[in-house]
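Take the sequence shown: its position 335, counting from 1, is numbered 336 in this note's numbering, and each next residue is one higher.
Positions of the beta carbon are idealized from the N, C-alpha and C atoms, including for glycine.
A quick note: this is a predicted structure, and the numbers were derived from the prediction, not measured.
Okay, structure first, notes after.
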Amino acid sequence: MVVVGAGPSGATTALLLARRGHHVALVDRARFPRDKACGEGVMPPGVAALRRMGLYERVLATGARPLDGVTYQQRGGDQQVHVPFPAPPGGGPAAGLGVRRTSFDAALVDAVRQERTSTVREAERVTGLLRDPSDAVIGVTTTTGEIRARIVIAADGLHSQIRSWAGLTVPSRARVRYGLAGHWRVDTRDRDAVTVTLAGGHEWYEAPVGPDLLLVSILTSRSRPAMTARSYGHVARRSIPGIRNADLVSGPLGAAHFHQRVRAVADGRVFLVGDASGYDDPTTGDGIAIGMLLAECLAGHTGEFLSGRIARETAATRYAADHADLVRDRRRLTRLALFLARSPALSRRAIVRATGDPRALSKLVGINCGYQTFRDLSARDWLLLAGV
Ligand SMILES: Cc1cc2nc3c(=O)[nH]c(=O)nc-3n(C[C@H](O)[C@H](O)[C@H](O)COP(=O)(O)OP(=O)(O)OC[C@H]3O[C@@H](n4cnc5c(N)ncnc54)[C@H](O)[C@@H]3O)c2cc1C
């Protein structure tokens, strides 16, 4: 088994397969710790996945910060509503985590490294798929040679090349959004939540990711404010009061073209997981959590195949069904969030109404966590969201 990409999705898949006794090569072109443009908020289902893997304390020890919910505000901060994270239906704490991707991803990779049946291959780029004479995928080629494997798992991120080489990419015509993220030296001891500022066509995200480190990211599709890596520091200082006199200590890092669609998430030889398996937009901040949940399903089904209990086609069909179940409502939620974010008048009304009655917004956060579904939204909730 080869897993390409050692971000949260790939590392989780590799770890769970190795813990079941399967031989796994986890390959990444980067050397860890490596950084990545991200809002760095792990939503509660991701924290629950960390606990299931026994890695929560280890991640907390890297300086990660427990988060109790999300505060939404309109530009200017005059209207603000705090929505606590809901408790998981099966019990357990209602908490997210603010993490530095450098330490978070490295902690997961270190856990894989400790498994007897795994090999972590860093600074090794995968350059293509290895095929037999009948064109079936039998592994990958890399900058240092070949890795033969019964299954190739593509966890190589948003712009997955494995996905394209396997013919699983569908071109997207969605409007291009992009994001920039940087870290600011700020005392974050009084911050326990992610703050989302809706600014009409673009959104700012603030998350404490260490005792004196604040992540500030912007997601936008417009050139107003003229946002480039160069202007990020200046525009962020002007827009976020809490960092006006703070030092920018790292970044910004950027990413773009979020909307990615796939023909299938598995074809029996190649399985896609995390961002590589299709993505909408980071606006709901659940990419890490959903990547880990998908990885759990994937490790379960491919593990069954590797143990000889099911056929590879069955593993593919079962994984595709789980994948669809996990992403369906979250994708609808992302569309709704983008729709609200695009209209300053609508989002202002929704926030003003939520300050008096946050139930509808709480349900949306519950849907984002996978604890509720769109069926839980009543007609009254829809009216609240419309600001009526
Ligand atoms: C601006 C922004 C803000 C975001 N905010 C949040 C947030 O607050 N919370 C959240 O949960 N998510 C957020 N996300 C999304 C989140 O970053 C992703 O969903 C998450 O990183 C996906 O993890 P992954 O493991 O699938 O892929 P990645 O983390 O992207 O990992 C992919 C890995 O594959 C490796 N790789 C790629 N190609 C190759 C190759 N050819 N050979 C070998 N290795 C290769 C890369 O080096 C990388 O390490 C945000 C994203 C952006 C851009």
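Every beta strand (DSSP E) of 3 residues or more that sits fully in the region 137-199 is shown, in chain order, as 138-143, 146-149, 153-155, 179-186, 194-199. With a cutoff of 8 Å on beta-carbon distance, His23 and Gly234 are scored as not near each other. Here the region 263-279 lies against the region 147-160, with 3 or more beta-carbon pairs under 8 Å apart.
Beta-carbon to beta-carbon, Val217 and Trp205 are separated by about 7 Å, close enough to satisfy the 8 Å threshold. Per DSSP, the beta bridge partners of Ala256 are Gly180.
Shown here for Arg319: same chain residues with a beta carbon closer than 7 Å to its own, the five before and five after excluded, namely His302 in chain order. Taking a contact to require three or more Cβ pairs closer than 8 Å, the region 242-249 and the region 122-138 do not qualify as touching. C-alpha of Arg192 to C-alpha of Arg20: approximately 36 Å in a straight line. Considered as a whole, the region 261-290 harbours 271-273 as its complete beta strand (DSSP E) runs of no fewer than 3 residues, in chain order.
Looking at the DSSP output, Trp383 sits in no beta bridge, so it has no partner there.
Check the Cα spacing between Ser240 and each of Leu254, His260, Leu199, Arg360: the tightest is with Leu199.
Cβ-Cβ separation between Leu56 and Ala112: approximately 6 Å, consistent with a contact (criterion under 8 Å). Note that the region 66-73 does not touch the region 109-124; fewer than 3 beta-carbon pairs, one per stretch, sit closer than 8 Å.
Counting only residues of its own chain and dropping the five nearest sequence neighbours on each side, Gly47 has a CB closer than 7 Å to the CB of Ile289, Ala290, Met293.
With respect to the 8 Å criterion, Thr335 and Thr374 are not classified as neighbours on the basis of their beta carbons.
A straight-line Cα-Cα distance of about 29 Å links Ala265 and Asp36. Within the chosen limit of 7 Å, ligand 1 reaches the beta carbon of Arg35 through at least one heavy atom.
The beta-bridge partner set that DSSP reports for Asp248 consists of Arg186.
Runs of the alpha helix (DSSP H) lying entirely within the region 31-89 and spanning at least 4 residues, in chain order: 45-53, 57-61.
The Cβ atoms of Arg30 and Ala124 lie closer than 8 Å to each other. Its Cα nearest to that of Asp323, the residue Ala300 stands out among Ala300, Arg349, Ala342, Arg310. For ligand 1, a non-hydrogen atom lies closer than 7 Å to the CB of Cys39. Between Gly367 and Ser10, the alpha-carbon positions lie close to 22 Å from each other. CA-CA distance, Val153 to Ser379, rounds to 43 Å.
By the Cβ neighbour-count rule, Ala38 is buried, with 16 or more other Cβ atoms within 10 Å of its own.
Between Arg332 and Asp281, the CB-CB gap stays under 8 Å. If you look at Ile352, you'll find it isn't in any beta strand (DSSP E); it sits in the alpha helix (DSSP H) that goes 345-357. The Cβ atoms of Leu307 and Met2 sit closer than 8 Å to each other. With a cutoff of 8 Å on beta-carbon distance, Leu220 and Gly180 are scored as near each other.
Ala7 and Thr63 have their alpha carbons spaced roughly 18 Å apart.
Secondary structure within the region 111-135: the beta strand (DSSP E) runs of 3 or more consecutive residues, fully enclosed, are 119-122, 127-132 (chain order).
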